[in-house]
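Notes to accompany the following structure.
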Amino acid sequence: METILSISGKPGLYRLVSRGNRTLIVESLDEAKRRMPVFATDRVTSLADIAMYTEGDDIPLWQVLKNLSEKEGGKAASLNYRKAKGEELREFFAQVLPEYDKDRVHDSDIRKLLQWYDILVSCGITDFEQALKPTEGDNISDREDKNTEE
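Per the numbering used here, the very first residue in the sequence shown carries number 3; after that it's consecutive.
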């Protein structure tokens, strides 16, 4: 099971390779496959912990990515998120997740989602449910463990 991470201040996505005493060793998902240490001071988020705001319950990121993959036929996003205006982004995203919360989901969130989707698809990761399933040590699985103990 691999853990896919986003690191604040660093572009792209990363795969967790190893855990050290006070560091994580990660490998970029881009072509370079660079490895680097990530320290406790870095803000690291597992994609398994991310959900999108909707008018009802929040939807896990893997479900949103799956919807996007179905819309795009498993290929890279047809919308150029770098050049698209806010209105275009929102129209496109409404086709993927019609019930998204228009007040709390910003244009930058949609851009980031499309960027991550393109990275994952280019790496051959298309089973988003399996790839983004919470693993031991992720916040969601920690919360579930605590809830079952009580």
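The C-beta atom is built at its ideal place from N, Cα and C for all residues, glycine as well.
As the structure is a prediction and not an experimental result, all values here were calculated from the model.
Quick check on Glu101: does DSSP put it in helix, strand or coil?
The residue given as residue 101 occupies position 99 in the sequence shown. Correct three-state label for Glu101: coil.
What did DSSP end up calling Arg113 once you bin it into helix, strand or coil?
Sequence index remark: in the sequence shown, residue 113 carries index 111 (1-based). In the displayed model, Arg113 falls within a helix according to three-state DSSP.
Closest by CA to Tyr16, which one among Arg37, Gln132, Thr25 and Asp109?
Stepping through the sequence shown from its first residue, residue 16 is reached at position 14. Tyr16 has its Cα closest to that of Arg37, out of Arg37, Gln132, Thr25 and Asp109.
At the 9 angstroms Cβ level, is Asp44 part of the contact set with chain B, yes or no?
Included in the structure is just one protein chain, with no chain B present.
Return helix, strand or coil for Val28, following the three-state DSSP convention.
Start at 1 with the first residue of the sequence shown, and residue 28 comes out as number 26. The answer is strand: DSSP assigns Val28 an E or B state.
From what residue to what residue does the alpha helix (DSSP H) around Ser10 run?
Start at 1 with the first residue of the sequence shown, and residue 10 comes out as number 8. Taken as a continuous stretch (DSSP letters only), Ser10 belongs to no alpha helix (DSSP H), as it is neither H nor E.
Between Thr25 and the rest of its own chain, which residues show a CB-CB distance below 7 angstroms, the 5 nearest in sequence each way excluded?
The residue labelled residue 25 in the question sits at position 23 within the sequence shown. Hits under 7 angstroms: Pro39, Val40 and Phe41.
Spatial neighbours of Ala133 in its chain, beta-carbon cut-off 6 angstroms, leaving aside the 5 residues before and after
By one-based count along the sequence shown, residue 133 stands at place 131. For Ala133, same chain residues with a beta-carbon under 6 angstroms away, outside a window of 5 residues either side, are Ile127 in chain order.
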